[in-house]
Amino acid sequence: MLKQSPWIGNKKSAGLQREQENLQKKRKNFLETPLMESTLRRRNKGMNASKGDDKKSNASEEESLDEDTDEEKEAKKPPSKNKTCDWKKVCDTVCILQVLAFREIASLGAKPRIDAKLPNFYLLHWVILIGCLFYLYGQWLLTTLMAEHFINPLASYFQFLIHSHTFVCFCWLCIGIVMFVISLKPGFYRYQFKQLAWCLVTAFVVIALSSLTLWNLSDGMAWFLLPGFLIVTNDIFAYTVGSIFGQTRLIDLSPNKTWEGAIGGGICTIFMSVLLAYVFTQHEFFYCPKHDLSWSVPRCTPDSVFVPIQYDVPPSLASLLSHFHLESWRAWRLAPFQIHAVFFAMFASIIAPFGGFFASGFKRAFKIKDFGDSIPGHGGITDRMDCQILMAAFVYYYRKAFVYQYQRGTDQILEDILTLTEIEQRLIYDHLSSLFLS
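Reminder that position 74 of the sequence shown reads as 74 in full-length UniProt numbering, one-by-one numbering, no gaps.
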């Protein structure tokens, strides 16, 4: 959260000059958001209409307002193919993969012979899936739709659903309980309750944990792409090094995994993490956050975590480097994101593979080779996403603990404003207007 509003005008000390510049950048980004631009246009329109002293000036002002309206309409038009943002496509892909993975695991616990005697019992899967998706994404989806259609008559309905989101989820839960109890059939009680527990656990493991991927994505494409690339990088180098030097088996669940491959893959992954992180800090498409579902390409000033700063090595190491005439190594200029990437690489090399081992043990317990056949030659979606789900969860909680623990972006603040009543929004609008005019 911002400690002090940057437009108050209190003079900062020299030591806080950098903080003041960051606050000014955040204020600029805040004013450039589509919602604030449309709000300021409406305010200026009302002020210009109230003057009405000179017909010529009014005509020119109306003409300028018409131009603004045309620009606003132009901004709402779908972008051309070469300007289309892939962010929404990635979100759609993640949601589709979630549904497919849920279907794969949920079907493992089903017995077609028994299900044939329980008509419509399969609807339990869809009730749990829809309820889980609405609980996780419903409020965010409605808020973004409301932001896109702020003056639309549907905004009042969106606002009601946003306020009552938790209550709607509880009502859906009650409907599911009623449907489940009505579907209970003598002689199948144990099987039906096992199916209920199976679907609930599947929803938590697959949907709830993988949903953290979208929250990473909303803060910037880099937080989504880097963890995925690190998992793939570790798999490739661990397999390559293990095939050449591997002799010692790592774990019985995966006979092909070796200690040599794991160590070599980890070292290569750490090295690649710094390079990949550097690439992601070079373009705003990767580091700009995007908290709505519009097709607009994100534009922003890079956050401090993506801006390189100088790191000096410890004095003892600096003297050693000077002894070997390596003075240029005494200072390194890196973005904090590259430092975080090293920790991501360590997790991808040491802990994330156990997500794959967990999936291997699960398949052995059910005596199956793959979770499905969605990807020919590679099994199902779950076979490819086992490590990715665990990695996405780690990145989310790591960022929450060490990166953005005290920060709250303007987009989140605007989302909170949209959930307020019309009177509360008017009070905030009047207060901001007085600040801007002063």
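Backbone N, C-alpha and C define an ideal beta-carbon position, used for all residues, glycine too. Small disclaimer: the values here were computed from a predicted structure and weren't measured.
Under the three-state reduction of DSSP, A392 is assigned to helix.
For F306 against C268, the beta-carbon gap comes to about 24 angstroms, at or over 8 angstroms, which does not count as contact. Within the same chain, and ignoring the five residues on either side of A393 in sequence, the residues whose Cβ sits closer than 8 angstroms to its Cβ are L209 and L212. DSSP places S243 within a helical segment (H, G or I) once states are collapsed to three.
When C-alpha distances from L214 are compared across G228, Q192 and W329, the shortest belongs to G228. The beta carbon of E260 sits closer than 7 angstroms to those of V241, G242, F245, G246, Q247 and T248, all from its chain and outside the five residues before and after it, given in chain order.
A distance below 6 angstroms between beta-carbons, with the five flanking residues on each side excluded, links L161 to the following residues of its chain, in chain order: L142.
With distances taken between CA atoms, C171 lies nearest to F134 out of F371, L414, G356 and F134. In the three-state reduction of the DSSP assignment, S374 falls in the coil class. The beta-bridge partner set that DSSP reports for D312 consists of A331.
Here R113 carries a helix assignment [DSSP, helix/strand/coil]. Nearest Cα to Y404 within the set G372, I96, W126 and S304: S304. Each of R399, I175, K369 and A341 was checked against the Cα of M272, and the nearest Cα belongs to A341.
In the structure shown, the three-state DSSP call for S349 is helix. By DSSP's assignment, I251 forms a beta bridge with S254. Between A335 and T281, the C-beta spacing is below 9 angstroms. Annotated three-state conformation of G379 is strand, per DSSP. The C-beta distance from E104 to F371 rounds to 5 angstroms, short enough to meet the 8 angstroms contact threshold. Here Q98 is buried: its Cβ has 16 or more other Cβ atoms, across all protein chains shown, within 10 Å.
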